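Reviewing the structure listed below.
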Amino acid sequence: MTIRTPSTIALAWLALATLATPALADGTPGVRGARQGAAPMTTAARKPNDSGVKLQYRVDGTPQAGKPTAVVLQFDGVTHPDGATVRLSPDAGLTLSGSDTFTLPAGTRSSVTVTVVSDREGLAYLNVFIAQGGARSAISIPVQTGAVAPAAKPASEIKSAPASENIISLPAK
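Take the sequence shown: its position 30, counted from the start at 1, is 68 in my numbering, and no numbers get skipped.
Written as structure tokens, this is what we have:
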């Protein structure tokens with residue numbers, strides 16, 4: 039028969055609690071019911087004087103010209119008692135289906151899925167304007183339709199100077 043002392047049991051509980059702590063380190067609960075295999079959410083960049091609302095987004099699938107593409111928006115950090123307002127504005131060549139404005143309640147994480155349709159290949163942006171209290175944020179979500187255009191390398195030429203230093207000559211824009 040094994041006799042367990044209270045100190046051994048306490049040590050076991052302490053070890054278990056220590057191992058579970060890193061999973062809760064950020065203080066944010068995980069997204070429940072998230073689809074397995076879905077692309078991760080991208081956190082939009084913020085400025086110190088923005089609205090204070092955190093935006094994460096995901097473009098589902100690969101956008102194709104003339105076909106609808108879902109864009110998932112997740113908002114967090116609404117603290118103003120009146121909530122926050124969101125206005126969506128697509129670039130030329132990108133059409134938004136459904137409402138372009140909505141209100142976010144205070145104190146809760148909100149998710150919205152919008153549908154966009156691109157009428158041509160290339161890069162367009164879904165612009166998200168968030169207002170909370172007197173502060174505002176503007177975030178642009180890239181929607182790349184079709185193949186990504188390769189970045190053109192500038193025509194450069196390396197020349198040697200008389201003092202044995204190399205000079206890279208680039209064309210002016």
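We treat Cβ as the ideally placed atom computed from N, Cα and C, and that holds for glycine. Small disclaimer: the values here were computed from a predicted structure and weren't measured.
- Excluding residues up to 5 positions away in sequence, V97, P101, T107, V109, L132, V154, S156, L161, A162, Y163, L164 lie with their Cβ nearer than 8 Å to the Cβ of V181 in the same chain.
- Per the coordinates, the alpha-carbon of L93 lies some 9 Å from the alpha-carbon of R84.
- Spatial neighbours of P128 in its own chain (CB-CB distance under 8 Å, excluding positions within 5 residues in sequence) are listed in chain order as L134, V154, A162, Y163, L164, N165.
- The straight-line gap separating the alpha-carbon atoms of V91 and E159 is approximately 31 Å.
- Taking C-alpha positions only, Q170 is separated from G136 by approximately 22 Å.
- The secondary-structure analysis by DSSP pairs T123 across a beta bridge with T141, A169.
- Counted as a single uninterrupted DSSP element, the beta strand (DSSP E) harbouring P106 occupies residues 106 to 114.
- Taking a 10 Å sphere around the C-beta of G99, we find fewer than 16 other C-beta atoms and assign the residue as exposed.
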